[in-house]
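Student: Protein chains in written order, with my numbering: chain R, 559 to 943; chain H, 559 to 943. Backbone N, C-alpha and C define an ideal beta-carbon position, used for all residues, glycine too. Here it is, the structure, as structure tokens.
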């Protein structure tokens with residue numbers, strides 16, 4: 559029992575007592591495990607890291623109860639919900655901001671309706687930087703509340719998400735802001751590849767056989783491939799794990815392309831699935847996804863909303879991991895992949911759980927920070943006031 | 559720029575290239591920083607830790623932008639929202655369950671309406687243990703959804719929270735379950751004291767001058783005192799930091815007792831504040847709180863709901879830390895304490911941010927796991943089916 563010697567009473571409260579002494583305290587410095595551990599393979603110069611919040615170094619869980627339930631004795635969960643804004647988007651945000659802090663850029667922009675926007679708003683706040691987020695006018699008020707709570711400036715674009723991306727990228731070019739848009743900044747992939755390095759190290763410098771990953775725009779999966787490729791380039795391993803990408807049945811452009819089958823309209827409706835985080839009609843780097851999945855001997859699978867909800871419940875109930883539906887897609891994809899003989903239950907399998915939803919302290923957003931715009935001029939005017 | 563040598567194109571996606579080689583990879587094992595680091599001062603026997611999720615080792619943030627805003631150059635945030643269920647309750651849950659896993663106990667129970675219940679449900683799920691939670695019938699459906707999502711069994715008690723505690727404790731005694739009720743199990747304080755050890759190590763084996771802490775039932779603050787006391791007992795330091803406890807103005811029994819002033823009914827209404835996590839009418843270990851605050855030269859302060867909301871926004875907007883109102887109480891308390899000359903801005907100050915709200919994947923709970931009960935017999939019958 560450690561070195562317990564007995565107990566005393568403190569105002570009605572039982573205090574255990576130990577055989578005290580300096581030798582009882584942990585020795586050495588506590589370890590710090592963050593993605594900056596891999597900085598020789600990241601595009602940042604020497605010198606201290608300026609980003610003020612630890613990012614990455616998320617747990618690789620052995621999930622004993624889930625292993626038993628699924629009959630998968632070598633299953634692991636890479637739990638990216640343990641990042642500061644509860645998703646893997648924090649990695650990309652941190653690297654883009656680190657670069658900006660070193661170059662003296664004071665504003666970061668992105669278009670997003672979900673976790674990337676929240677990660678950008680919170681990450682910029684931590685770094686004392688300004689975040690300018692572009693969203694569609696149909697973005698949910700509770701999402702806006704999270705963004706404005708962190709002090710972000712939000713611009714709503716009536717023409718929808720694609721127009722929001724265009725305006726965000728134009729603003730970055732015109733005003734010299736950091737561009738964190740998915741697929742636009744190679745740093746987002748550089749940051750996310752560190753997940754591959756971590757998994758390899760956490761398995762004792764060994765690779766899994768297969769890794770299963772939710773796919774929306776594509777950078778998360780493509781970045782994993784890049785990380786594993788670089789382990790080969792470094793001479794640290796000779797093969798790469800298979801990557802299996804997962805999309806929602808109602809919005810599965812890359813699964814249909816993978817199968818080389820025609821796509822019905824009901825399979826291309828981003829608003830028809832609960833997996834909003836991966837519901838992307840025209841994936842920003844879809845071609846790269848297909849190429850790396852093919853190269854790695856992997857596959858693309860689609861899953862129903864029911865399977866996603868069931869995966870959310872199973873992750874919570876058998877692994878104690880809280881995930882949003884898109885974040886739990888890897889588990890739903892595992893079951894589909896086993897059904898289709900794409901995976902053998904006794905392989906070493908890693909599920910990437912990408913995110914969970916967090917709540918804003920309040921339900922409403924700060925209207926003084928949210929403006930409907932059509933042009934860059936309007937953006938500039940709104941920010942000047 | 560790390561060792562970047564150029565870039566190549568992958569299906570329209572820019573891939574940076576590096577001067578690859580085994581020497582580019584991080585060396586040594588990545589550090590793992592969890593509360594088990596302090597196991598010689600925890601009541602668990604030798605042998606491997608069985609609890610399957612890393613707990614503790616949360617960041618101590620230097621929050622540069624917040625320091626600047628507040629004019630507090632040596633301010634730190636101990637960010638307990640980085641625990642798996644996003645609150646410091648995970649520490650107590652993990653230690654209680656670790657003890658149960660070693661003794662072969664398969665059920666854990668607690669009464670709670672908030673973070674402790676969520677931490678217990680998710681922690682038990684991770685460990686493959688059964689969680690039985692007792693709540694008042696007025697517990698919010700979204701909280702129930704989080705508990706049942708993680709597979710917990712929930713019993714609603716019409717007579718309210720105090721009756722729920724009584725029933726949970728009686729069930730633990732009668733059925734031999736683990737009792738995780740606040741103030742009932744000394745292990746909850748043992749687990750939470752590790753926050754003091756971590757802060758001391760993270761400051762380079764030095765103590766802060768003052769630490770500010772939300773206070774509901776009291777264990778979080780009392781446990782910090784115990785941790786700092788044990789550093790003295792171990793001969794590692796000679797003094798203790800002042801502890802300042804924070805309660806909500808509308809429910810501040812311990813602040814009134816501290817000031818030795820009569821309490822008006824409007825100051826004792828747990829339903830009248832947004833800080834539900836610390837709104838406790840009869841704190842379980844209130845006497846211990848008052849004793850340790852006095853001994854450490856600290857104080858108790860109350861804060862308004864407006865101040866709590868403002869603290870939530872400031873933590874998000876200036877530190878990138880998402881907190882629920884009760885979780886942000888330390889920041890609101892800091893401002894009050896500075897006003898009242900309880901703290902000097904140039905002291906080394908640590909704010910304990912205790913939790914943030916997470917969302918269930920769905921808004922509704924599983925009704926098959928929620929039962930209204932009055933007696934232990936009913937509990938037993940419901941669990942047999």
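Name, going along the chain, the residues of the stretch 585-616 of chain H whose beta-carbon falls closer than 8 Å to a beta-carbon of chain R.
Tutor: Cβ contacts with chain R come from 587, 588, 589, 590, 591, 595, 596, 597, 598, 599, 600, 601, 602, 603, 610, 611, 612 and 615.
Student: Which partner residues of residue 772(R) appear in the DSSP bridge assignment?
Tutor: According to DSSP, residue 772(R) bridges with 804(R).
Student: Check whether chain H comes within 9 Å of residue 574(R), counting only Cβ atoms and requiring the distance to be less than that.
Tutor: At least one chain H Cβ lies under 9 Å of residue 574(R).
Student: Hey, could you find the ends of the alpha helix (DSSP H) residue 732(R) is sitting in?
Tutor: 719-733 is the extent of the alpha helix (DSSP H) around residue 732(R).
Student: Is the separation between the beta-carbon of residue 770(R) and that of residue 650(R) shorter than 9 Å?
Tutor: Not in contact: residue 770(R) and residue 650(R) (Cβ atoms no closer than 9 Å).
Student: Given residue 592(R), which residues of its chain have a CB within under 8 Å of its CB, disregarding the five upstream and five downstream residues?
Tutor: Around residue 592(R): 612, 613, 614 and 615.
Student: Rounding to the nearest angstrom, what Cα-Cα distance links residue 686(R) and residue 868(H) in this structure?
Tutor: About 18 Å.
Student: Which whole runs of the beta strand (DSSP E) in the stretch 781-855 of chain R are 3 residues long or more, in chain order?
Tutor: Runs found: 800-806.
Student: So with CB distances below 7 Å, who are the chain R contacts of residue 694(H)?
Tutor: Here the premise fails: no neighbours, minimum Cβ distance about 21 Å.
Student: Just checking my contact of residue 785(R) with residue 753(R) at CB under 8 Å: how many whole Å lie between their CB atoms?
Tutor: Sure, about 7 Å apart at Cβ, within 8 Å.
Student: Please confirm whether residue 683(H) and residue 710(H) have their CB atoms less than 9 Å apart.
Tutor: In contact: residue 683(H) and residue 710(H) (Cβ atoms closer than 9 Å).
Student: Between residue 642(H) and chain R, is the shortest Cβ-Cβ distance under 9 Å, so that the two count as touching?
Tutor: With 9 Å as the cut-off, residue 642(H) counts as an interface residue toward chain R.
Student: With a 10 Å radius around its C-beta and 16 neighbouring C-beta atoms as the bar for buried, classify residue 604(R) as buried or exposed.
Tutor: Exposed: under 16 other Cβ atoms inside 10 Å.
Student: From this set, 721(R), 639(R), 846(R) and 772(R), which residue's C-alpha is nearest residue 567(H)'s C-alpha?
Tutor: When each option's Cα is compared against that of residue 567(H), the closest is 846(R).
Student: I'd like to confirm the pairing. Which residues does DSSP put opposite residue 689(R) in its beta bridges?
Tutor: Answer by DSSP bridge pairing, in chain order: 666(R).
Student: Using only alpha-carbon positions, find the residue among 807(H), 939(H), 936(H) and 918(H) that is nearest to residue 698(H).
Tutor: Measuring from the Cα of residue 698(H), the nearest candidate turns out to be 918(H).
Student: Using the C-alpha atoms, what's the distance from residue 662(R) back to residue 621(R)?
Tutor: Going from the Cα of residue 621(R) to the Cα of residue 662(R) covers about 43 Å.
Student: Going by other Cβ atoms of all chains shown within 10 Å of its Cβ, with 16 needed for buried, is residue 585(H) buried or exposed?
Tutor: Label assigned to residue 585(H): exposed.
Student: Thinking C-beta only, is residue 877(H) closer than 9 Å to residue 618(H)?
Tutor: The answer is no: Cβ separation not under 9 Å.
Student: Quick check: the stretch 754-769 of chain H against the stretch 722-732 of chain H, are there 3 or more CB pairs under 8 Å?
Tutor: No contact exists between the stretch 754-769 of chain H and the stretch 722-732 of chain H.
Student: Counting only Cβ pairs nearer than 7 Å, list the residues of chain R close to residue 724(H).
Tutor: Here the premise fails: no neighbours, minimum Cβ distance about 17 Å.
Student: Against chain R, does residue 656(H) count as a neighbour if the rule is that its beta carbon must be under 9 Å from one of theirs?
Tutor: No, its Cβ sits nowhere closer than 9 Å to a Cβ of chain R.
Student: Taking only the alpha-carbon atoms, compute the straight-line gap between residue 883(H) and residue 834(H) and give it to the nearest angstrom.
Tutor: Cα-Cα distance, rounded: 8 Å.
Student: Taking 9 Å as the CB-CB limit, is residue 887(R) close to chain H?
Tutor: False, the Cβ-Cβ gap to chain H never drops below 9 Å.
Student: Whose C-alpha, out of 908(H), 806(H) and 825(H), is nearest the C-alpha of residue 765(H)?
Tutor: For the residues 908(H), 806(H) and 825(H), the minimum Cα distance to residue 765(H) belongs to 908(H).
Student: Would you report the Cα separation of residue 865(H) and residue 704(R), rounded to the nearest angstrom?
Tutor: Taking the straight line from one Cα to the other gives about 19 Å.
Student: Return the first residue and the last residue of the beta strand (DSSP E) that residue 635(R) is part of.
Tutor: Note, residue 635(R): beta strand (DSSP E), 633-637.
Student: Can you have a look at residue 673(H) and say buried or exposed, based on whether 16 or more other CB atoms are within 10 angstroms of its CB?
Tutor: Counting Cβ neighbours within 10 Å, residue 673(H) comes out buried, since at least 16 surround it.
Student: Nearest CA to the CA of residue 600(H): which residue from 574(R), 812(R) and 638(R)?
Tutor: Looking at the Cα atoms, 574(R) is the closest of the given residues.
Student: Show which residues of chain R have a CB atom less than 7 Å away from the CB atom of residue 568(H).
Tutor: Correct list: 846 and 849.
Student: Tell me whether residue 710(R) sits in a helix, a strand or coil according to DSSP, three-state version.
Tutor: Looking at residue 710(R) - three-state DSSP - the assignment turns out to be coil, as it is neither helix nor strand.
Student: Along the chain, where does the alpha helix (DSSP H) that runs through residue 910(H) open and close?
Tutor: First-last for residue 910(H): 907-911, but that is the beta strand (DSSP E), not the alpha helix (DSSP H).
Student: How far does the beta strand (DSSP E) with residue 860(R) in it extend, from its first residue to its last?
Tutor: From DSSP, the beta strand (DSSP E) with residue 860(R) extends over 857-861.
Student: With 9 Å set as the bound, which would you pick, yes or no: does the beta-carbon of residue 583(H) sit closer than that to a beta-carbon of chain R?
Tutor: Judged by the 9 Å Cβ criterion, residue 583(H) is in contact with chain R.
Student: Which residue comes first and which comes last in the alpha helix (DSSP H) that contains residue 891(R)?
Tutor: Run containing residue 891(R): 887-897, per the alpha helix (DSSP H) assignment.
Student: Is the separation between the beta-carbon of residue 895(H) and that of residue 871(H) shorter than 9 Å?
Tutor: Their beta carbons are not under 9 Å apart, which means residue 895(H) does not touch residue 871(H) by this criterion.
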